[in-house]
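Take a look at the structure below.
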Amino acid sequence: MAEEPVHEIYLRTYPKVIFLWPTLLSSFALWIITIILKVMGGTIFIDSQSILSWFWLIIFAFNIFVMAFDFQSTKFFLLLAAIVVVILIIFILWQTGVFGGVSLGDIPEFNIGLTDNFYLATTIILFGVLGIVWLSRRIDYYKIERNEIYHKNGFMGKAERIPTSNLTFEKTIPDVFEYLLLRTGTLTLHPHKGKTIHLTTVPGINKIEEKLDRLLSRITVEVDDIHKPEEV
Numbered sequence: 033m034a035e036e037p038v039h040e041i042y043l044r045t046y047p048k049v050i051f052l053w054p055t056l057l058s059s060f061a062l063w064i065i066t067i068i069l070k071v072m073g074g075t076i077f078i079d080s081q082s083i084l085s086w087f088w089l090i091i092f093a094f095n096i097f098v099m100a101f102d103f104q105s106t107k108f109f110l111l112l113a114a115i116v117v118v119i120l121i122i123f124i125l126w127q128t129g130v131f132g133g134v135s136l137g138d139i140p141e142f143n144i145g146l147t148d149n150f151y152l153a154t155t156i157i158l159f160g161v162l163g164i165v166w167l168s169r170r171i172d173y174y175k176i177e178r179n180e181i182y183h184k185n186g187f188m189g190k191a192e193r194i195p196t197s198n199l200t201f202e203k204t205i206p207d208v209f210e211y212l213l214l215r216t217g218t219l220t221l222h223p224h225k226g227k228t229i230h231l232t233t234v235p236g237i238n239k240i241e242e243k244l245d246r247l248l249s250r251i252t253v254e255v256d257d258i259h260k261p262e263e264v
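Its first residue numbered 33, the sequence shown is counted upward by one per residue in the numbering used here.
So, in structure tokens, the structure goes:
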């Protein structure tokens, strides 16, 4: 089956706050869950409140961790190995009695006690912020066509046009976690004329790379056909 020709490609770069979408979804889901548990009555909400709160805190901590550090493939596997080693060491020390026979029941309970109002407020804030970010990317983007790269920046902002002749690009995935969350990566465009365009946090980076290959291959073929001497 022949591949569908690519006529234009939209490139949008996002701030790292978009990686908070798991916290947004978990906040919304936990808000619904806590409302249901309250309606059910009894002590079921109080008994599960600590577990739900810890679940939200772990998701939030993971999100902050992803946004704070860049983990390439090597660092990613080293991190996993370090976590496994630490867990094994703690388990072995626990079994050998280094902790003095302390059981889980002897550890004081630390109940964060997050309520449905907290989950609702977090959902509203994150939804508003991510919604504004999404809307802002509708008016700030690069569009690559057969003849030019068109850069739109804002409603009343300047529009820049760069020829696509001899255009080359580089794709990198600087962070494994970010790629797993939104398939993001970094894209660098090298036009024959004009400055280099460096785009970070581009979602769907592999699909964009595939489309760029097809578009640039088509441009190359068309240019060769134009310059090919006619047979007499």
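Where a beta carbon is used, it is the ideal one built from N, C-alpha and C, also for glycine. No experiment lies behind these values; they were computed from the predicted model shown.
Query raised in the report: Is the CB of leucine 231 under 8 Å away from at least one CB in chain C?
Result: Going by chain labels, chain C is absent from the structure shown, which holds only one protein chain.
Requested in this report: Using DSSP bridges, identify the partner residues of lysine 203.
Outcome: Leu219
Report task. If I'm right that valine 98 touches leucine 213 with Cβ under 8 Å, what's the distance once you round it to whole angstroms? Result -> 7 Å
Query - Extent of the continuous alpha helix (DSSP H) to which valine 161 belongs - result: 148-169
Requested in this report: Report the option in Asn198, Lys239, Asp207, Tyr46 whose CA atom is closest to the CA atom of histidine 224.
Outcome: Asn198
Query raised in the report: From this set, Leu221, Phe51, Asp102, Thr147, which residue's C-alpha is nearest glutamate 202's C-alpha?
Result: Leu221
Query raised in the report: Taking C-beta to C-beta, are serine 85 and leucine 146 nearer than 8 Å?
Result: yes
Requested in this report: Just the C-alpha distance for phenylalanine 60 and tyrosine 151, rounded to the nearest angstrom, thanks.
Outcome: 7 Å
Query raised in the report: Is glutamine 104 buried or exposed, if buried means 16 or more other CB atoms sit within 10 Å of its CB?
Result: exposed
Requested in this report: Quickly, what does DSSP pair aspartate 172 with across the bridge? List them, please.
Outcome: Asn185
Requested in this report: Using a threshold of 8 Å, state whether the C-beta atoms of tryptophan 53 and leucine 120 are closer than that.
Outcome: no
Query - Entirely enclosed beta strand (DSSP E) segments - the segment 68-94, minimum 3 residues - result: none
**Report entry** Among Asp79, Glu192, Ile176, Leu111, nearest to valine 38 - alpha-carbon criterion
**Finding:** Ile176
Report task. Please state if the CB of arginine 169 and the CB of tyrosine 46 are separated by a distance shorter than 8 Å. Result -> yes
Query raised in the report: Are there 16 or more other CB atoms within 10 angstroms of the CB of leucine 231, so buried, or fewer, so exposed?
Result: buried
Requested in this report: Mark aspartate 138 as exposed unless 16 or more other C-beta atoms lie within 10 angstroms of its C-beta, in which case mark it buried.
Outcome: Confidence is the limiting factor: at aspartate 138 the pLDDT is only 49, short of 50, which leaves the residue's position unreliable and the question unanswerable from this model.
Report task. State the Cα-Cα distance for the pair methionine 72 and serine 82, rounded to the nearest angstrom. Result -> 17 Å
Report task. Sort out for me which residues DSSP pairs tyrosine 42 with in a bridge. Result -> Lys175
**Report entry** Proximity of asparagine 95 and threonine 155 at Cβ, strictly below 8 Å
**Finding:** no
Requested in this report: Tell me, please, which residues DSSP counts as bridged to alanine 114.
Outcome: Bridge partners of alanine 114: none, in fact.
**Report entry** Burial state of serine 58, where buried means 16 or more other Cβ atoms lie within 10 Å
**Finding:** buried
Query raised in the report: With distances taken between CB atoms, is the gap from glutamine 172 to tryptophan 63 smaller than 8 Å?
Result: The sequence given here places aspartate at residue 172; glutamine does not occur at that position. Against a cut-off of 8 Å, the Cβ pair of tryptophan 63 and aspartate 172 comes out as no contact.
Requested in this report: Count the other CB atoms, across all protein chains shown, that sit within 10 Å of the CB of isoleucine 50; report buried if there are 16 or more and exposed otherwise.
Outcome: buried
Query raised in the report: Is the beta carbon of threonine 196 sitting closer than 8 Å to the one on glutamate 180?
Result: yes
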